[in-house]
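Engineer: Okay, here's the structure, questions in a sec.
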Amino acid sequence: MALAPDERSYPESTSTVQTSSNFNEKAPLPPDAPLSPIPTAPDPGNPTSSSSENEVIPVTATEVLPGLPRLNYNLWNYRKKLFIVTTLLAVESSIVPIALYYGLVFGTTLRQGIAFAIITSFFGIVSGLEFGLRSLKLISKKDTYRPLGAKGRWKFDFTHMTLSFGYTIITALLIAASIPRPPLVKPLAIPLSLFFLQMGAQLVWSGWMSAMHKPAPCKISSWEKGERTPPLVYTLVEDIVAVDGGAGKEYREALKARYQTSKMFRRMIADQNWFWGFGSLACGGGTMAAVWVPAKEIAYGLGWGIPLIFSLVWTWITVVWVRGALRKEKKMWIGKPRSSMVPREALSH
């Protein structure tokens with residue numbers, strides 16, 4: 001059941017900000033900054049409309065653009081990189097372990113300890129490289145990719161800390177379960193299950209904290225300690241697009257403006273948070289239960305295969321869901337009264 005975020009935390013006060021056709025032309029205004037009215041662009045659908053120095057557009061003080069703040073980031077432009085990285089991660093985290101296990105254990109005379117040493121050596125090549133690259137971006141001299149308000153070069157984002165914890169647990173488990181002779185096959189089949197349980201618990205916890213208006217216990221990427229806790233889905237999107245996607249602080253600012261401005265956008269984020277949170281818990285718990293029931297030869301394939309299938313299905317549903325929600329959000333803003341929105345041509349993404 002999706003819980004809608006309470007809107008009391010984001011009052012829609014009517015103030016005015018300067019109109020800009022380009023996000024890069026204006027830095028975000030602080031909530032207490034003095035605001036002044038400026039002319040609005042003529043409405044192409046109304047030939048009698050024209051710019052007037054006395055006409056102002058009421059908008060929220062958090063907006064960078066009047067009306068609906070644009071994110072200025074299109075995943076379609078990065079489809080090749082996204083496809084390559086996603087494919088490599090899927091191969092590393094599922095296909096390679098399964099192929100090497102059945103190929104080496106049943107197709108060769110290698111001792112199982114050696115076989116699992118080979119399997120473990122392949123784990124983390126792609127994800128470790130990506131993790132290292134994002135580390136370099138975050139600690140670079142320029143703060144292009146660091147969270148808003150981060151002071152100092154060693155201020156990693158929340159996603160980086162979350163992944164660090166998960167990678168540490170997975171690595172420790174793979175090493176510990178590979179040492180005995182013979183290796184413990186079933187524990188070696190549950191690293192992804194543990195990771196999904198970790199992420200699911202964090203998603204549900206953050207969703208509950210946000211719905212209950214609980215203050216953040218620490219700085220969560222661009223949200224300061226004491227601010228309302230954002231859903232973890234929001235944080236993951238912010239950090240991954242800003243750092244791994246190369247969008248930088250500009251995207252962090254735009255996403256926060258969009259989230260604070262649009263009720264429908266907040267609702268979509270909350271729904272996605274519950275969807276992935278409970279889904280991840282079900283996947284992690286179900287996979288772990290499935291691993292311990294059958295013989296170890298079957299369990300290993302289930303442990304590394306089920307999470308991949310879950311990820312593919314959930315991602316496909318998410319893409320369809322989010323595209324529909326964004327279209328609905330845009331239509332709602334285009335249909336707003338003239339006195340409370342930006343001209344239609346400025347809402348293009």
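Each residue of the sequence shown is one higher than the one before, starting from 1 at the first, in full-length UniProt numbering.
Just so you know, even glycine gets a beta-carbon here, dropped at the ideal spot from N, CA and C.
It should be emphasised that the depicted structure is a prediction, and the values quoted were computed from it without experimental measurement.
Please check the pair residue 300 and residue 259, which I expect to be a contact at CB under 8 Å, by giving their CB distance rounded to whole angstroms.
Structural biologist: Here residue 300 is taken as the residue at index 300 of the sequence shown, counted from 1. Here residue 259 is taken as the residue at index 259 of the sequence shown, counted from 1. Between residue 259 and residue 300 the Cβ distance is about 41 Å, and since that is not below 8 Å, they are no contact.
Engineer: Please classify residue 238 as buried or exposed, where buried requires at least 16 other C-beta atoms within 10 Å of its C-beta.
Structural biologist: Counting from one through the sequence shown, the residue named residue 238 turns up at place 238. So residue 238 counts as buried.
Engineer: Helix or strand or just coil, what does DSSP make of residue 147?
Structural biologist: To locate residue 147, count along the sequence shown from 1; it is residue 147. In this structure, residue 147 counts as coil in the three-state DSSP scheme.
Engineer: State the DSSP-derived secondary structure class of residue 111, mapped to helix, strand or coil.
Structural biologist: Mapped onto the sequence shown, residue 111 falls at position 111. Reduced to three states, the DSSP call for residue 111 is coil.
Engineer: If you check the beta carbons only, do residue 169 and residue 202 fall under 9 Å apart?
Structural biologist: Here the question's residue 169 lines up with position 169 in the sequence shown. Here the question's residue 202 lines up with position 202 in the sequence shown. Not in contact: residue 169 and residue 202 (Cβ atoms no closer than 9 Å).
Engineer: Over the uninterrupted alpha helix (DSSP H) stretch that includes residue 271, give me the two end residues.
Structural biologist: For the purposes of this step, residue 271 is taken as the residue at position 271 of the sequence shown. Its alpha helix (DSSP H) spans residues 263-292.
Engineer: To the nearest angstrom, how far is the alpha carbon of residue 182 from that of residue 232?
Structural biologist: Along the sequence shown, one-based indexing puts residue 182 at 182. Along the sequence shown, one-based indexing puts residue 232 at 232. Cα-Cα distance, rounded: 40 Å.
Engineer: Have a look at 190, 147, 143, 184 and flag the residue whose alpha-carbon is nearest the alpha-carbon of residue 166.
Structural biologist: Working through the sequence shown from its first residue, we reach residue 166 at position 166. The candidate whose alpha carbon is nearest that of residue 166 is 190.
Engineer: If you pair each beta-carbon of the stretch 272-288 with each one of the stretch 81-99, do three or more pairs fall below 8 Å?
Structural biologist: The stretch 272-288 vs the stretch 81-99: no contact.
Engineer: Do residue 70 and residue 244 have their CB atoms nearer than 9 Å?
Structural biologist: Translated into positions along the sequence shown, residue 70 becomes position 70. Translated into positions along the sequence shown, residue 244 becomes position 244. Cβ atoms of residue 70 and residue 244: not closer than 9 Å.
Engineer: Is the CB-CB distance between residue 68 and residue 329 below 9 Å?
Structural biologist: To locate residue 68, count along the sequence shown from 1; it is residue 68. To locate residue 329, count along the sequence shown from 1; it is residue 329. Against a cut-off of 9 Å, the Cβ pair of residue 329 and residue 68 comes out as a contact.
Engineer: Could you tell me whether the stretch 170-178 touches the stretch 119-134, where touching means 3 or more Cβ pairs closer than 8 Å?
Structural biologist: Yes, the stretch 170-178 is in contact with the stretch 119-134.
Engineer: Would residue 268 be called buried (16 or more neighbouring beta carbons within 10 Å of its own) or exposed?
Structural biologist: Here residue 268 is taken as the residue at index 268 of the sequence shown, counted from 1. Classification of residue 268: buried, given that the 10 Å Cβ count is 16 or more.
Engineer: Give a yes or no on contact between the stretch 137-152 and the stretch 73-83, applying the rule of three or more CB pairs nearer than 8 Å.
Structural biologist: Flag = no, the stretch 137-152 and the stretch 73-83 do not touch.
Engineer: Check the DSSP bridge columns for residue 228 and list the partner residues they point to.
Structural biologist: Taking the first residue of the sequence shown as position 1, residue 228 is located at position 228. According to DSSP, which records beta bridges pairwise, residue 228 is partnered with 215.
Engineer: In whole angstroms, what separates the C-alpha of residue 350 from that of residue 320?
Structural biologist: This structure gives no information on residue 350, because the portion of the chain shown stretches from 1 to 349.
Engineer: Taking buried to mean at least 16 other C-beta atoms within 10 Å of its own C-beta, is residue 212 buried or exposed?
Structural biologist: What you label residue 212 is simply residue 212 of the sequence shown in a count that begins at 1. Flag for residue 212 reads exposed.
Engineer: Look up residue 76 in the DSSP assignment and say whether it is helix, strand or coil.
Structural biologist: Your numbering for residue 76 matches position 76 in the sequence shown. Reduced to three states, the DSSP call for residue 76 is helix.
Engineer: I'd like the list of long-range same chain contacts for residue 116, defined as Cβ closer than 7 Å, with 5 residues on each side in sequence excluded.
Structural biologist: As a first step, residue 116 is located in the sequence shown; it is residue number 116 there, counting from the start. Excluding residues within five positions, the ones whose Cβ falls inside 7 Å are 178, 183, 188.
Engineer: In its own chain, which residues sit with a C-beta less than 8 Å from the C-beta of residue 332, not counting the 5 before and 5 after it?
Structural biologist: Residue 332 sits at position 332 when you count from the first residue of the sequence shown. Taken in chain order, the residues that qualify are 264.
Engineer: Assuming residue 253 and residue 148 form a contact by the criterion Cβ under 8 Å, report the distance between their Cβ atoms to the nearest whole angstrom.
Structural biologist: Start at 1 with the first residue of the sequence shown, and residue 253 comes out as number 253. Start at 1 with the first residue of the sequence shown, and residue 148 comes out as number 148. Sure, about 7 Å apart at Cβ, within 8 Å.
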